[in-house]
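As structure tokens, the structure follows; a few thoughts come after it.
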Amino acid sequence: MQLLRLIKYFTSNRLTRRVIESVAIGILAGCLAALFFYCLKAADTFVIYLVGGTLSPSPLGEPPLFNVISKPQSLWLKILLPAFGGLASGFLVYLFAPEAEGHGTDAMIKAFHQEDGNIRSRVPIIKGLATIFILATGGSAGREGPIIQMGAGVGSLIARILRLSVRIKRQLLLAGAAAGIGAIFKAPLGGAITAIEIIYKEDFEAEALIPSVISSVSSYAVFSAFFGHATIFGLPITPSFYDLREFAFYLLLSIASALAGILFIRVFKRTRRIFHQLPIYPPLKPALGGLLVGLLGIFVPQILGTGWGEIQIALMGKYGALLLVTIALAKILATSFTVGSGGSGGIFGPSLFIGGMLGGGIGLFGHHYFPAIVQQPEAYILVGMASFFAGIANAPIGALVMVMEMTGAYGLVAPFMLVSIFAILFTQKWSIYDSQLRSRFDSPSHREDLVRDILSEITTAQLWNELQVAPEPIPASTLIKDIPTAFRKSTVPYLLVKKSSDIDGIIESDDYVGVAGIEETNVILATDVASPIPQVKQSDSLRSVLRAMMIRGVNHALVISSAEEKPRIITSEQIESAAERHR
């Protein structure tokens, strides 16, 4: 009995229910992330076993899960393999879930703003399989796109099963997205912040913060139980920041990141537009994009796949400055060909890759000419990762926290903050995500909040001249059988009821219909069927007036003048009209 009471107590508390739901989302999303990661690694190995080649290099925190002997691979196979992956991905998406095309983060953002937090259950599954085809065959994309959709799909599904409100469903959608990011990047706090930050350009979804943190930590714990807690990238140094003169080079990096980010956005969207207009069978478009990636990969093989291992190699100092910049520019083209053609994959991962390579090039340049100032060129790779993504996604806080968690580079907080904020300043008119909105006030999900804020700024005095003078009230002792006569004489759909010298009630026509047929018409008085009418002042806001109406269940309120004028009546329809005019 005590246990049942305890369970009832916890499940009856709103915050406790959100915690339980968030933990459940995190556990499920963590399991899905682990399964997806395992299948992706298995697919990489199977492709090499089947057609030859070598395993892509892995970061230190993600050692290979399988051993496979490298085999020689023909030049033509290297070119055609990404095309085959694009073809398989294209058919899978086109036949079963067309909305899984492209990068999944934008689809999640659209679901939040435009689709009441709903994601079809099959979409994350198709998205995951299609992305595995793309990445295992060398396509240039990220693995976070499908896992964000998987996590968001879990949150949306749980909300639908529990029949939660649209508002809560949107929160759990973001909690699921946070769980996916936190697991696949081993960045629980960064995942939570990014999920609530990425849906807006200049705002964040504060209401979803607690569910996002809880679900992200839960999914991270599950994922790490399978694949370890080590950060994804191992660092040959302990990054630090001591010389204030180095701020000049970090400022240069933020400018370069902003320019490269704008270039990436323009190239990506132009490529997507060109592929969209091509008059060919839709599943063939990702195959064509894969073919272009294969051709580019012959000259710059580092751009194939996710590229995480290449970032690790750059951190170890194995690449020169010119090569790093070349790789970054080639990755822009490769990702645009892969995802812009309709191939399934993420944009988040490639953006970290591009920013890291660009930052490494600038760091090596500074170290070569100013070695006393730029002593750790590797640090610029990490800072570049955060700067580039912050700029193209308008997510400065999430980007810097995530990169710190992925690398353990907590000694670079000041440079991280500097370049992320400057990148935002330079790219604030741009975004890689089409569905991203400026702020909560531009989102359909917060229309009610917008109306409330507008109504808080308007007083009844501003509508005084539009309000109707209160009609003469009927006495409280009026018999109910005499009310129809009073309504026929009235020019408005309500009657005010006067008790003593004050107006203290209202009979609205809708309320009267419910009691008009009763027999005891000689016993029931007007005061018995009247509802209390809110009495407000001219200085009261329309928000407080509307709240008073809702509490009393009426559509009218009596406005008392501060002068010696007769009171007037304000209606809920007038309040709604005022809100529309002031939007």
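Quick note: to get the working numbering, add 169 to the position in the sequence shown (first position is 1). Positions of the beta carbon are idealized from the N, C-alpha and C atoms, including for glycine.
| request: Check whether the Cβ atoms of Lys765 and Ser513 lie closer than 8 Å to each other. | output: Since the first and last residues shown for the chain are 170 and 752, residue 765 lies out of range.
| field | One or two residues paired with Gly311 in a DSSP bridge | value | Counting from one through the sequence shown, the residue named residue 311 turns up at place 142. Secondary-structure assignment with DSSP links Gly311 through a beta bridge to Gly515.
| request: Give the DSSP bridge partners of Arg737, in chain order. | output: Translated into positions along the sequence shown, residue 737 becomes position 568. Listed as beta-bridge partners of Arg737 by DSSP are Val638, Val728.
| Alpha carbon to alpha carbon, how far is Phe557 from Gly430? | For the purposes of this step, residue 557 is taken as the residue at position 388 of the sequence shown. For the purposes of this step, residue 430 is taken as the residue at position 261 of the sequence shown. Their backbone Cα atoms lie some 6 Å apart in a straight line.
| Contacts around Leu126, its chain only, beta-carbon distance under 6 Å, and the 5 residues preceding and following it disregarded | Nothing in the structure corresponds to residue 126, since the chain is present only between 170 and 752.
| field | Identity of the residue in Leu492, Asp673, Phe437, Ile496 nearest Asp603 by Cα | value | Start at 1 with the first residue of the sequence shown, and residue 603 comes out as number 434. In this structure, Phe437 is the residue among Leu492, Asp673, Phe437, Ile496 with its C-alpha nearest to the C-alpha of Asp603.
| field | Helix, strand or coil at Gln743 according to DSSP, with G and I counted as helix | value | Within the sequence shown, numbered from 1, the residue matching residue 743 stands at position 574. For Gln743, the secondary structure class from DSSP, reduced to helix, strand or coil, is helix.
| To which residues of the same chain is Leu298 closer than 7 Å at the C-beta, ignoring the five residues directly before and after it? | Taking the sequence shown and counting its residues from 1, the one referred to as residue 298 is at position 129. Here Leu298 has Leu261 as same chain residues with Cβ atoms under 7 Å from its own Cβ, once five neighbours each way along the sequence are excluded.
| Ends of the beta strand (DSSP E) at Tyr663? | On the sequence shown, residue 663 is found 494 positions in, with the first residue counted as 1. Start and end: 663-668.
| request: My understanding is that Gly345 touches Ala321, with C-beta atoms under 8 Å, so please give their C-beta distance in whole angstroms. | output: As a working note, residue 345 is residue 176 in the sequence shown. As a working note, residue 321 is residue 152 in the sequence shown. The distance from the Cβ of Gly345 to that of Ala321 is about 4 Å, consistent with a contact at the 8 Å cut-off.
| 6 Å Cβ shell around Pro133 - same chain, five flanking residues per side excluded | It is not possible to answer for residue 133, since the shown part of the chain is limited to 170 through 752.
| query | In the structure shown, what three-state DSSP assignment does Asp622 receive? | reply | Reading the sequence shown from its first residue, position 453 is the one you call residue 622. If DSSP states are grouped into helix, strand and coil, Asp622 belongs with the helices.
| task | State buried or exposed for Lys658, treating a residue as buried only when at least 16 other CB atoms are found within 10 Å of its CB. | result | Along the sequence shown, read from residue 1 onward, the residue named residue 658 stands at position 489. For Lys658, the number of other beta carbons within 10 angstroms of its own is below 16, and it is reported as exposed.
| Cross-strand partners of Asp671 (DSSP beta bridge) | Here residue 671 refers to the residue found at position 502 when the sequence shown is read from its first residue. As a beta-bridge residue in DSSP terms, Asp671 pairs with Lys668.
| field | Close beta carbons around Asn724, own chain, < 7 Å, minus the five adjacent residues each side | value | For the purposes of this step, residue 724 is taken as the residue at position 555 of the sequence shown. Result list for Asn724: Glu677, Met718, Thr740, Ser741, in chain order.
| Ile330 to Leu606 span [Cα, whole Å] | By one-based count along the sequence shown, residue 330 stands at place 161. By one-based count along the sequence shown, residue 606 stands at place 437. Ile330 and Leu606: Cα-Cα distance of roughly 28 Å.
| Completely contained beta strand (DSSP E) runs for the stretch 478-549, where each covers 3 or more residues | Those beta strand (DSSP E) runs which fall completely within the stretch 478-549 and span 3+ residues do not exist here.
| request: Give the secondary structure of Ser700 by DSSP, where H, G and I count as helix, E and B as strand, and everything else as coil. | output: Position 531 of the sequence shown, counted from the first residue, corresponds to residue 700. Strand.
| request: Go through its chain and collect everything with a Cβ distance to Asn287's Cβ below 7 Å, but skip five positions before and after it. | output: Your numbering for residue 287 matches position 118 in the sequence shown. The beta carbon of Asn287 lies closer than 7 Å to those of Ala280, Ser325 in the same chain, with the five residues before and after it left out.
| task | Closer than 7 Å by C-beta to Phe591: which residues in its own chain qualify, once you throw out the five before and the five after it? Chain order, please. | result | Residue 591 sits at position 422 when you count from the first residue of the sequence shown. Closer than 7 Å at the Cβ level, and outside the excluded window around Phe591, lie Leu420, Ser423.
| With distances taken between CB atoms, is the gap from Gly722 to Ala699 smaller than 8 Å? | Here residue 722 is taken as the residue at index 553 of the sequence shown, counted from 1. Here residue 699 is taken as the residue at index 530 of the sequence shown, counted from 1. Not closer than 8 Å, so no.
| field | Gln340 - containing alpha helix (DSSP H), residue span | value | Counting from 1 along the sequence shown, the entry for residue 340 is found at position 171. Secondary structure note for Gln340: its alpha helix (DSSP H) is the uninterrupted segment 335-353.
| task | Let me know the secondary structure DSSP gives Thr475 once reduced to three states. | result | To locate residue 475, count along the sequence shown from 1; it is residue 306. Taken through DSSP and simplified to helix, strand or coil, Thr475 comes out as coil.
| Between the stretch 397-416 and the stretch 497-514, do three or more beta carbon pairs fall short of 8 Å? | Segments in contact, no.
| task | Might you give, ordered along the chain, the residues of its own chain that have their beta carbon closer than 6 Å to the beta carbon of Ile687, omitting 5 neighbours on each side? | result | Residue mapping note: residue 687 aligns to position 518 of the sequence shown, counting from 1. Note that Ile687 scores 49 on pLDDT, short of 50, meaning its location in the model is unreliable; the coordinates nonetheless yield the value given after this. Closer than 6 Å at Cβ, skipping near neighbours: no residue.
| field | Beta-carbon proximity check, Ala310 vs Val292, cutoff 8 Å | value | One-based indexing of the sequence shown puts residue 310 at position 141. One-based indexing of the sequence shown puts residue 292 at position 123. For Ala310 and Val292, no; Cβs fall outside 8 Å.
| query | Would you call the stretch 376-386 and the stretch 182-198 touching, i.e. three or more CB-CB distances under 8 Å? | reply | These segments touch.
| query | What is the DSSP secondary structure of Glu376, reduced to helix, strand or coil? | reply | The sequence position of residue 376 within the sequence shown is 207, counting from 1. Of the three classes helix, strand and coil, the one that applies to Glu376 here is helix, per DSSP.
| field | Whole-angstrom distance between Ala212 and Ser426, CA atom to CA atom | value | Locating residue 426 in the sequence shown gives position 257, counting from the first residue. Locating residue 212 in the sequence shown gives position 43, counting from the first residue. Looking at the backbone, the Cα of Ser426 and that of Ala212 are separated by about 33 Å.
| For Ser334 and chain B, any beta-carbon pair shorter than 8 Å? | This model lacks chain B altogether, as it is built from one protein chain only.
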